[in-house]
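To start, the structure itself, in C-alpha cells.
Chains as they are written, first to last, in this note's numbering: chain D, 15 to 348; chain Z, 2 to 303.
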C-alpha cells in the first residue's frame, strides 16, 4: 500500500519536472480554488441555514427552556411535545393530504398549460404576437394584490357580478370551492403563471431551429415535434418551474384563503396557528381569555414552520435529479 | 412561382393557427379572469367609489384620484421614490449574487447535492405565508439579539466602513454598498429563484463547448465571457424582470402596505386603485426600458 503511494508520489514529482513545474502549479491552484469555494459556500450556507437551525433547536425546547437565559441553542429538557402539539393544532395529517393533492394537481395543470403557451410564443409566428406577449408581461407584473381591490369587491358582492357566475349562468358562491381556482390555473392565471410562461418561452427560444426543422422534415407534425423533440429538451426548466409552482402553491396564503377557504391546508393553518393555539389551550384548561405567552406561541410557530418546510425539502431532493440529468437527454447542442 | 408563394403562405397560415392553438389557454384565461378585474380597477382609479350595502357605485371624477395621490397624500411620493431607488440597488445586488452562486453551484465538488438543496431553501422561505410569519417572529429576534450581545467582536463591515470614512473616501456610494452587505441575508433569501433559473440554464450548456475553447487556448475567465454569458443571456432578462417584479410586488414592502391601508383601512377603493396604477405604470416603464437595453445583448439561436 505505502509502496504504491510512494511510487505515485515520485511519479508526481517526475511528471512535474517534465512539465517544468506546470503540474504542481495546476494542482495547487486546484486545491486553492476548492478551499476558497468551500469557505464561501460554507459561509453562505450558514447564512441561509442559521434561522432554520435556530428553529430546530427551539422546537425541541420545553417552555421552561425558552425562559432560561442560559439555554441558547441546545435545549436542557429535550422534548418532542411541541411537534405533537403543533400537529394536533394544525390537523397536520389531514392538511398534509389536502395540500399534497391540491398543490400537485395545480402544479401539474399550471405547468402543462404554461408549457403549451410558452412553446406557442417561442416557436410560432402569428399576427399580434408582440401585443399578446405584452399581455403575458402584464400578467406577470400585476400581482394578485393589485387587482385584489377589484377581486376583493368581486368576492364581497359575489351575487351581483361574479365572473364565474357569468360563465355558469347561475349565482353561485364559489369562494369555498376548489373549482374556480382550477379553472384559473387552466387559463394560466394562477399564482405567478405569467412568470412560468416567460421562463419556458425564453428557454424554447434558445433551442436551435435545425432540431425542429429536422423533425418536420422527418414527418413529425407540430404536436409530435413538441412532445417528442422539444419536451425532453426542456426537462430542466420544466423541473424548476414545477418546483416553483408546487412550493408557491404549498405556502400560498392569498389564493388559498380566497378560493379554498373551507379546505384545510397546511399553509392556512400555519398562518392561524397562534390563534388556534390560544383556542386549544383555552379548551384544555377550561379557562377563557387566557393569553398564550409570546415565547411559547413563537416556539409552536417555529415548529409548525419546520413541519411545513420538511415535505418541500424532501420533494426537492427527488426533483433535483431532473436538473442534473438534463444533459444526457438533450439532442444537438450548438 | 406564384403557386409556390401561395403554398408558403398556406404553411405560414397553418403555423399561425397552431401558434394560436398553443397560446389559446392563456388567451381564454386572460379574457375570462384577468380582463374584467383589470379594467375594472383601471376604471375605478378614475372614480370615487361609494360603498353601499351590497352595491358599489363608481362615480366618474376624472384625474382627481391621481392628483390626490401625487400632490395631497403626504406619504405616497416619498414611499414611491424610496422604493424605486431601493429597488435599483437591490436588484443589481441580487442579480450579481445569484449569478455568482449559480456559477459556483454548477461546478463539480463533493456535497454538491447538499449545498444545492440548502440554496433551494430561500425559495421556500421567501414564499407565501412563511415570509409573513418570518418577519414578526419575536422569539427569533430575541434569540438573535441575545447572540449579538454575547459576541463582543466588531463586525467587519463596520470596521471597514470606519476606516474608509476616516480616509475620506466618497461616502455616499460606499454607504449603499455597505447597506447591501449588511443585508446580505435578505439578498440571499430573495435570490433563491434566480439561482435556480441560472442553474437550469447553465446545465444546458454542453461541456464540449468549454472543452473546445480550452483546447484553443481559452482561459476560464475568457470562456466565462465568451461562452457562459451569451449562452444564458436570455435568462439574464428573465431574472432581471423577475427580480424587479418580485421586489416591487412583495406584499411586505411599504408601497404595498400603503395600498392596503388606503383600500381596506380607509375604504377608499378609487384612491387605492389610482395609487396602484401609478406604481404599476412606473414599474412597468422601468422594466420596459431596462429590458430593452438588456435584450439588445441577448443572444438567440435564430
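Where a beta carbon is used, it is the ideal one built from N, C-alpha and C, also for glycine.
In the DSSP assignment, residue 61 of chain Z is bridged to Z:48. Shown here for residue 260 of chain Z: same chain residues with a beta carbon closer than 7 Å to its own, the five before and five after excluded, namely 273, 276 and 277 in chain order.
The alpha carbon of residue 202 of chain D has as its nearest neighbour, out of D:47, D:231, D:93 and D:130, the alpha carbon of D:130. Closest in alpha carbon position to residue 187 of chain Z, among D:35, D:26, D:62 and D:29, is D:62. By the rule that beta-carbons nearer than 8 Å mark a contact, residue 85 of chain Z does not touch chain D.
Rounded to whole angstroms, residue 333 of chain D and residue 252 of chain D show a C-alpha spacing of 11 Å. Relative to the Cα of residue 212 of chain D, the nearest Cα in the group D:149, D:246, D:265 and D:271 belongs to D:149. Here DSSP, grouped into helix, strand and coil, assigns residue 76 of chain D to coil.
In the structure shown, residue 141 of chain D adopts coil according to DSSP, grouped into three states. When secondary structure is reduced to three states using DSSP, residue 264 of chain Z falls in the helix class. Residue burial is scored here from C-beta neighbours: residue 260 of chain D has at least 16 other C-beta atoms within 10 angstroms and is therefore classed as buried. Below the 9 Å Cβ cutoff, chain Z contributes 26, 29 and 30 as neighbours of residue 200 of chain D, in chain order. Cα atoms of residue 208 of chain D and residue 29 of chain D: separation of roughly 57 Å, rounded to the nearest angstrom. Proximity of chain D to residue 16 of chain Z at the Cβ level (cut-off 7 Å) is accounted for by 138 and 139, in chain order. Annotated as proximal: residue 147 of chain D and residue 135 of chain D, with beta-carbon spacing under 8 Å. With respect to chain D, the C-beta atom of residue 110 of chain Z has a partner C-beta closer than 8 Å.
Following the DSSP letters along the chain, one finds residue 225 of chain Z in no alpha helix (DSSP H), marked with neither H nor E. Ranked by Cα distance from residue 269 of chain Z, the first of Z:36, Z:40, Z:70 and Z:28 is Z:70. Residue 250 of chain D belongs to the set of residues whose beta carbon lies under 8 Å from a beta carbon in chain Z.
Contact with chain Z is found for residue 216 of chain D, since one of that chain's Cβ atoms lies less than 8 Å from the residue's Cβ. Contact check for residue 229 of chain D against residue 239 of chain D passes: the beta carbons are separated by less than 8 Å. Those residues of the stretch 91-104 of chain D placed with their C-beta closer than 8 Å to a C-beta in chain Z do not exist.
Identification of residues in the stretch 115-134 of chain D having a C-beta nearer than 7 Å to some C-beta of chain Z yields 127, 130, 131, 133 and 134, given in sequence order. Here residue 55 of chain D is near residue 105 of chain Z, since their CB atoms are less than 8 Å apart. Taking C-beta atoms as the reference points, residue 30 of chain Z and residue 123 of chain Z fail to come closer than 8 Å. Scanning chain D for C-beta atoms nearer than 9 Å to the C-beta of residue 123 of chain Z yields 62, reported in chain order.
Put simply, of Z:96, Z:265, Z:108 and Z:250 the residue whose alpha carbon is nearest the alpha carbon of residue 128 of chain Z is Z:250.
Rounded to the nearest angstrom, the gap between the Cα atoms of residue 283 of chain D and residue 320 of chain D is 13 Å. Close partners of residue 254 of chain D in chain Z (Cβ separation under 9 Å): 194, 197, 198, 200 and 201. Using a Cβ-Cβ cut-off of 8 Å, residue 96 of chain Z does not count as an interface residue toward chain D, since no Cβ of chain D sits closer than that to its own.
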